[in-house]
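Residue numbers (this note's numbering): 40 to 1002.
By construction, the Cβ of each residue, glycine as well, lies at the ideal position given by its N, Cα and C atoms.
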């Protein structure tokens, strides 16, 4: 919360008096920090303001400080942390000056990550709740008790009655092993945070041009001539990324346009701030495109050669006259015309978005609309252009790529028989044994279906897996055990129902360095286990930044207290369940419960052909980390040195095997470079024709391609038809024959031969197609504006209704049945949520960090002055914020014009209070975060995206009253 704490007048020589006071009385750390006012700068501030200087002493061998390179565990920028380690203790840190990502910078969170590892509020040993009290137990007791309970539940109710919720905090190796672990247990009830932050991005973007990831990089924004940010606040959510945005703004004179219902710290840097009504993103984008089409500013040649379906988009956009756009969004025509002209006159421009655009019932429509804007302007596949999706956790990109999801296996292979066949070959597993691990269900057609081929319950809906009558779901029984592995439950909506679901479970297991709100939300007296996982600084492995670059974390310190690395905990459970020998069949073990991390990397290298996680061997990734100084800060390409010509972190796709030495792909779909040098085209993922129209690129291809036109994805048969199969080695031929002979394609060839030969002839293994502006497989093939479920604009519901109720992801999902009810009179204010610079995610780690906790101690709601005055609310007063489903929170009012009239904003990082009640006493002693507060999601409501089940947190309703 931004509020003035002092009048800026020095009252005393603070540093000296604090130390003097501390010398005369005993104070704990919290009291010291609270009284010092030095938390933001730490004790270093004392030195900076005249602290004492001591004589330097020669360093002995025993006092040597080792420098260890790691990566920040917060947002997705991927900032390098240089840890100073002395006698096994992490004593200090510096930002990585050689890192092309953070360039020697850190945000508040990154600057304080040492405390994340050494923090005194961590879980220190396994615990379980007995008769309402936390009891210390051993790891053996924990694994045996939990394992016995899970196997009993499995025997009685099937494997899907245990939900394995993974984490965006897993490194790539842990994420891959976790998804494999769930497969061996026999369930697709597995997911992680990406479901509730960017699943609509992945679905929308992947179904537009092939891959669902950030297309360029933070660094490539240096080349942007315009920056368009919608529903994102990088100044607080990803602070170091703003360095790259501001570089383009300053050196290119690039206009910065920020579209957001709230005037954020990012908006403060904007040349043009566009305020619009929450939940009207599609209408806003179509309003901009209306002016682009009306004036002929679109890139006609780009559309002709590389885009399919733009004519249908043009017809929809024509309906969005400036008057109608203003009626729906509240944004005036003159401003959107100016924005359209700015984007047209300053190309290439980049589009950046975050959860403000994704967390809606029509979030997939929003993300596709953003993509279509870039296609219309011809800003795709070019340096300085692209769609740059900033992700919020350090490895949410990698965990998504590695398949910690309820609808796919690693690498987005899906859940079809062919996908399971591929991974069975990688794992050298008997596919029939794997199949036997899963339960079956009788479908509507009366036929038995194996649940291994059906999407699991997404994390956004796990509570309904507990609460919903199994007769209404597509699995035999309800969820009875929940494993929250590195996940903050207060980041999810409907927390009053979550409390009920937690209390109905047989067993609740929390595996995390910190207890999280999972420890206290419920009123359980038993059946709860807290298992201390290591932080990522106490293990090693690779992590994927938002730009698709892989970086390697070295272990800084050995596991602290009784915590264990996630891969070791998985091995313990696998041993308990009796299939550790199968799970680790091709993974080297350092001992019976410690998988070799590099060996896990090599296993996913053998299988992740779809997205090109095959060329980044541990040795190549480590070499990049060791030689960061050799990479250009804008292009990310190494200039000389051992990695000459490669792009930093080998951003995927890094085609073929490591021996191929593909340099990585810095900018997706860039046709100015040969494929072998990091270029690409749009992926031929959707067939070769639609309704008689050609879906392949028209007369364009990458330099050096021997097919100077569009072409489908490569198969062995295609190589044979072209006569290129003679380039295969005998070993590659045998591997291809072992899969499906001529039908083997570039995604399932374990030798990499098909990819190698295609690239040798200048072609992209995945084909050369047009992007599709119309996704015929989605509920809305053309992105449409639909009013939020809880809307106060009842006049718009008839014109822009939501979807009909439907069932998908195993569960019935409500739409029209909610929207038809008018809540707007009792709940007139639109409620939205977002981030603060001090905290991250559910906030358990960062609110347990004294340096960050000192900066932001109060949960609050932002209210416009007119609304506050009408409600009789003063700045700083306590208020109730209540949602239409009965959830309410008691928070501090911040009266500000950052939010417009009729809109309220709350951050989502707080927890530990529930509907006015402080729950600190329910935490294990010494593990309660320094700062507690209400969770905004207690007042948030039902609402899920029509494709991915993304939760809707940006456009619900509330009422606010004095407490």
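- Cβ contact annotation for residue 294 (same chain, cutoff 7 Å, sequence separation greater than five): 265, 310, 311, 381, 385, in chain order.
- Residue state for residue 655 is assigned as coil, using DSSP reduced to three classes.
- In this structure, the beta-carbon distance from residue 782 to residue 872 does not fall below 8 Å.
- Under the rule that a run must span 3 or more residues, the beta strand (DSSP E) segments found entirely inside the segment 513-588 read 520-524, 546-551, 567-571, 580-583.
- Each residue's CA atom was taken as its position, placing residue 607 and residue 211 some 15 Å apart.
- Taken in chain order, the complete alpha helix (DSSP H) segments of 4 or more residues contained in the segment 269-298 are 273-276, 280-290.
- Shown here, residue 241 sits in a helix according to DSSP, grouped into three states.
- The continuous alpha helix (DSSP H) containing residue 152 extends over residues 152-157.
- In this chain, the alpha helix (DSSP H) harbouring residue 836 covers 833-836.
- A buried status is given to residue 592, since no fewer than 16 other beta-carbon atoms sit within 10 Å of its beta-carbon.
- Each residue's CA atom was taken as its position, placing residue 340 and residue 711 some 16 Å apart.
- Using a Cβ distance threshold of 8 Å, residue 720 and residue 651 do not count as a contacting pair.
- Taking a cut-off of 8 Å on C-beta distances, the segment 288-306 does not touch the segment 611-630, as fewer than three cross pairs fall below it.
- According to the DSSP assignment, residue 885 belongs to no beta strand (DSSP E) but to the alpha helix (DSSP H) extending over 883-886.
- In this structure, the beta-carbon distance from residue 274 to residue 239 does not fall below 8 Å.
- Exposure of residue 106 is indicated by the presence of fewer than 16 other C-beta atoms within 10 angstroms of its C-beta.
- When the Cα atoms are used, residue 133 and residue 152 turn out to be separated by approximately 10 Å.
- Look at the beta carbons and you see the segment 913-923 not touching the segment 874-886: under three pairs across the two are nearer than 8 Å.
- Here DSSP, grouped into helix, strand and coil, assigns residue 739 to coil.
- Going by C-alpha positions, residue 558 is about 41 Å away from residue 368.
- Look at residue 365 here: in three-state DSSP terms it is helix.
- In the DSSP assignment, residue 997 falls outside any alpha helix (DSSP H) and lies within the beta strand (DSSP E) extending over 995-1001.
- Residue state for residue 872 is assigned as strand, using DSSP reduced to three classes.
- Separation of the CB atoms of residue 990 and residue 982 is rounded to 7 Å, and the pair is thereby assigned contact status at 8 Å.
- Remark: C-beta atoms of residue 626 and residue 639 approach each other more closely than 8 Å.
- Excluding the 5 residues flanking it on each side, residue 790 has same chain C-beta neighbours closer than 6 Å at 771, 774, in chain order.
- Taking one beta carbon from each stretch, the segment 724-740 and the segment 820-835 have fewer than 3 pairs nearer than 8 Å; the two do not touch.
- The straight-line gap separating the alpha-carbon atoms of residue 888 and residue 812 is approximately 45 Å.
- Between the alpha carbons of residue 552 and residue 342 lies a distance of about 50 Å.
- DSSP links residue 396 through a beta bridge to no other residue.
- In this structure, residue 686 places its C-beta atom within 8 Å of the C-beta atom of residue 702.
- In the structure shown, the three-state DSSP call for residue 956 is strand.
- DSSP places residue 312 inside the beta strand (DSSP E), whose first and last residues are 311-313.
- When DSSP states are grouped into helix, strand and coil, residue 688 belongs to the coil group.
- Cβ atoms of residue 233 and residue 320 stay farther apart than 8 Å, at about 20 Å.
- By the C-beta density criterion, residue 288 is buried, having at least 16 other C-beta atoms within 10 angstroms.
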